[in-house]
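Residue numbers (the working numbering), protein chains in the order written: chain A, 752 to 836; chain B, 15 to 680.
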C-alpha cells in the first residue's frame, strides 16, 4: 500500500465567508478524490478556513499529484519542518 | 531585555516618551507562534492592564497542566496545534513525552520570545548577577496570544514545527484578530526552489498581510555566510540580529601578571592561580595530544587533570565551547580557555564550570606565554557586565545574510534589532535558567523586538498597512549605532555592515513614528511581484480571490515598490519607478540626495516632490547604469528624500553582471 504523508493543499483566497461552508467544500474535494466520506475524514488533518482556503491531508504521492491538477488548486506541497531560530 | 530598550532609546524615561503616547500598545494583540508559554512567569502579570481589546475573538485552550485560568488580560490567548507533528512522528508518545500536550512551554523559547515582544515590567532581574535591570517587552502593555505549533521530539532530542501546524496556527490567529504575528521560526536554506509562496509561513503571511496584519519573522541563524537569509517573501518583515552595547568581560591573569579580558558568563568563585596547559607533544612522548577544542578528549587525563586548558577552534558556535568544557571537566580539569572566532552567542557552561572565550590573537598571546615558561599558571575571575562605550554594536556573526536566494532583487533582511545575549523569561525547568530567566541569542530574539516596535507603531497609526509600517522602520533605521559609531558585521573577518547584513539598519522607533514618506504596497503591488517572478494568471487569481491577468510583457521585479532598490544583474541601463505617500505635514517639499554605489550612475527624476492636501502620493523614476567592465560584487549606496525635517533613506545595492547567469571561482 503506497505510504501516505501529510500534504498541504493550498486553494488561495477563501471563496466564501462561512468557515463551515469552506470546510465542507474541502471534505467534498477529498471525498471525490478518495471515494468515500469515511476516507475523507480519516485523511483530513486540518481545514484552513479563516485567513485563506486549503487543507492538510494524508495523501499518497499519486493522490497528491491528482489533486494538484484540479483547476481550483494553487499548489500541493508535502509537509515540511521549521526550526526555532 | 534589561538593556535593549534603553539602548534603542525606548526607555520609560526617554524624553519623547513613545510608550505613554501609545499607552504601551495596550490595544494591540501580538500573536506568537512558537513552543508555548510558561504562564506563571511574572512577565505575564496583568497588573494595571485594562480590559481585553474588543476585536479579540480568540480563546484559551486547556490541556496538560494548562487551563483557561492561566490566561489573563496580558496572556489573553493560548492554543496548541499538534496534528501535523503527530502524523509525521508516529514514534511520539503523548503520554510519555516530556512535552506538555497543551499550550504550556517545555522548551522556554516561546516564553523568551513573548517576553521580548510584550512582557510586563519585572524589576531587578539578572542572570546570576549579570545583565541586571528591568525585564520588559517592547510593548509592555500589548496583549499576547500564544499559538503553540512547535514540539519536542524526545527520541531525537529536537524541537520541531510542522508547517501544517504552523499554517493552522496562522489561520486561527487571523480569525482571532491579532494585529501582529511574530514567528521566530524558519526553514533551512536552500529554500523552496520555485517560489516562496510554496513555503507555509509565506503562504499564511500573504493572507495575513492582505488583512492588515504585520508578519515579523526571524531571518535565520546561518550567518555569516551570504545568501542564507530565510523567510524572504516581500510581504514579510525579515529581521537580522545585532549585538547590544553590552558585554561580559572576564579577567584572566597570567603568571606574568598580564591581564586579558575574555568573554564568559562565569558566575562561580574566583579560580586562583592554577596550572595552565596547551595540549601539544613536548617532543619526547608517545601519548596523543590535541589542542583543538573539539578533540580535547583525545588527550590523556594526566594532561588536563587539575589544570586550565587552552584550546583553539575554527567553529564560531557556542556548541564547541560546551563540548570543550565537557571534555576538560571529565578529565578532572578546572577550566577551559577557548580561542575562537566571535560567535555572538555566549552561553554559561554547565555547573558554573569556568569556560572563557578569547579571539585567536589573545589565544596566541596565552600560548606564547605557556611556551615561554616551565610552569605556566593563570587566574580566572568571575564575569562582569560592561554596558555602553567602548562596547560597539555588531551584526551578530550567526545572523543570516542576504542577498535573498529566491529573488535577489528583493532586499532581505529588512531590518536589524538586538538579538545577542538577551535576558528574558523562560520556564523554571530550562537548563541553566536563573529564577525562570535566561540569556539567549538568535534572530529569534531579534524578531520580537521588531514585533514590539510594530505594536507601538500600530497603536499610533492604526490605518497604516503592514507595508507602510515596514517602510517606516526601514527608511528611518540607524545605519550607525545609537551613539553614532559605525556598525560592523561580524564574520571572518569583520567588515562595515551593509544592507545584506542589516537591511535598512538598526530599528529606530523614535524616527519611525514620523517617517515623512512611506513606500506603500497594496494588492496590485503583490500581484505585480507574482507576475514578475513567474506565477501564472490562474494561480494569482486564486491566490488573491479575483480574476487577474499579468501584463504582457510581464512587469519587472525592480518596480516592486519596496523601500530599497536592489539590482542583482545590471548590464544595460535600467529605469525603475518608486511611489511615495506623504504621511507627514500635507504641504511638504522633498528634495533628493543620492550616494551612488561605486562605479554606478544613478539619476533620479524629478529631483523635487511637492505634496499638498490634494497630492499625497507621487512617483519618481530612477535611471541606473554601470561604468564597470567586469562582473562585480554588490556595491552599496543610498537614495534619500529630505524635507530638512525627515530623511527618507532607502538602501541601493547594485551588482554589475556583464556576463549574466554566470558563476566563477575567481
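Glycine residues also receive a C-beta, built at the ideal position from the N, C-alpha and C atoms.
The structure displayed is predicted, hence computed values, not measured ones.
For residue 182 (chain B), the chain A residues whose Cβ falls inside 8 Å of its Cβ are 797, 799 and 807, in order along the chain. Chain order gives no chain A residues near residue 382 (chain B), where near means a beta carbon separation below 8 Å; the closest approach is about 39 Å.
Here residue 753 (chain A) is exposed: its Cβ has fewer than 16 other Cβ atoms, across all protein chains shown, within 10 Å. Between residue 432 (chain B) and the set B:570, B:120, B:377 and B:496, the nearest pair of CA atoms involves B:496.
Pairing residue 453 (chain B) with residue 21 (chain B) gives a Cβ-Cβ distance that is not under 9 Å.
Contact between residue 117 (chain B) and residue 132 (chain B) is ruled out by a C-beta separation of about 16 Å, above the 8 Å threshold. With the criterion set as a beta carbon lying under 8 Å from some beta carbon of chain A, the members of the segment 40–74 of chain B are 48 and 49, in sequence order. Boundaries of the alpha helix (DSSP H) around residue 541 (chain B): 537–546.
Exposure of residue 677 (chain B) is indicated by the presence of fewer than 16 other C-beta atoms within 10 angstroms of its C-beta. The three-state reading of DSSP puts residue 831 (chain A) in coil, since its state is none of H, G, I, E or B.
With respect to residue 597 (chain B), residue 482 (chain B) sits close: the two C-beta atoms are nearer than 9 Å. Using a Cβ-Cβ cut-off of 9 Å, residue 828 (chain A) counts as an interface residue toward chain B, since at least one Cβ of chain B sits closer than that to its own. Shown here for residue 167 (chain B): same chain residues with a beta carbon closer than 7 Å to its own, the five before and five after excluded, namely 103, 106 and 174 in chain order. Contacts with chain B at 9 Å (Cβ-Cβ) do not include residue 754 (chain A). Chain order gives the chain B residues near residue 759 (chain A) as 177, 178, 181 and 214, where near means a beta carbon separation below 7 Å.
By the Cβ-count criterion, residue 182 (chain B) is buried, with 16 or more other Cβ atoms from all chains shown falling within 10 Å of its own Cβ. Look at residue 495 (chain B) here: in three-state DSSP terms it is coil, with no helix or strand label.
Using a C-beta cut-off of 8 Å, the segment 814–831 of chain A makes contact with the segment 759–778 of chain A, since at least three inter-stretch Cβ pairs fall below that distance.
In the structure shown, residue 106 (chain B) adopts coil according to DSSP, grouped into three states. By DSSP's assignment, residue 352 (chain B) forms a beta bridge with B:325 and B:371. At least 9 Å separates the CB of residue 130 (chain B) from every CB of chain A. If you draw a straight line from the Cα of residue 807 (chain A) to the Cα of residue 794 (chain A), it is about 9 Å long.
In terms of Cα proximity to residue 255 (chain B), the closest of B:414, B:74 and B:617 is B:414. The beta carbons of residue 125 (chain B) and residue 437 (chain B) sit about 13 Å from each other, so the pair does not count as a contact at 8 Å. In the structure shown, residue 174 (chain B) adopts extended strand secondary structure according to DSSP, grouped into three states.
Less than 9 Å divides the Cβ of residue 667 (chain B) from the Cβ of residue 425 (chain B). In this structure, residue 570 (chain B) sits away from residue 518 (chain B), with a CB-CB distance that is not shorter than 9 Å. Taking a Cβ-Cβ threshold of 7 Å, none of the residues of chain A is close to residue 538 (chain B); the smallest such distance is about 15 Å. By the CB criterion at 9 Å, residue 214 (chain B) and residue 759 (chain A) fall inside the cutoff.
Sequence-distant Cβ neighbours of residue 777 (chain A) in its own chain, meaning closer than 6 Å and more than five residues away, are 798 and 806.
For residue 188 (chain B), the neighbours in chain A by C-beta distance under 9 Å run, in chain order, 801, 802 and 803. Minimum Cα-Cα distance from residue 421 (chain B) among the listed residues B:247, B:513 and B:531 corresponds to B:247. Runs of the alpha helix (DSSP H) lying entirely within the segment 264–329 of chain B, each at least 4 residues long, are 315–318 in chain order.
In the structure shown, residue 655 (chain B) falls within a strand segment according to DSSP collapsed to helix, strand and coil. Taken atom to atom, the span from the alpha-carbon of residue 474 (chain B) to that of residue 193 (chain B) is near 13 Å. Put simply, the backbone Cα of residue 533 (chain B) is about 34 Å away from that of residue 123 (chain B).
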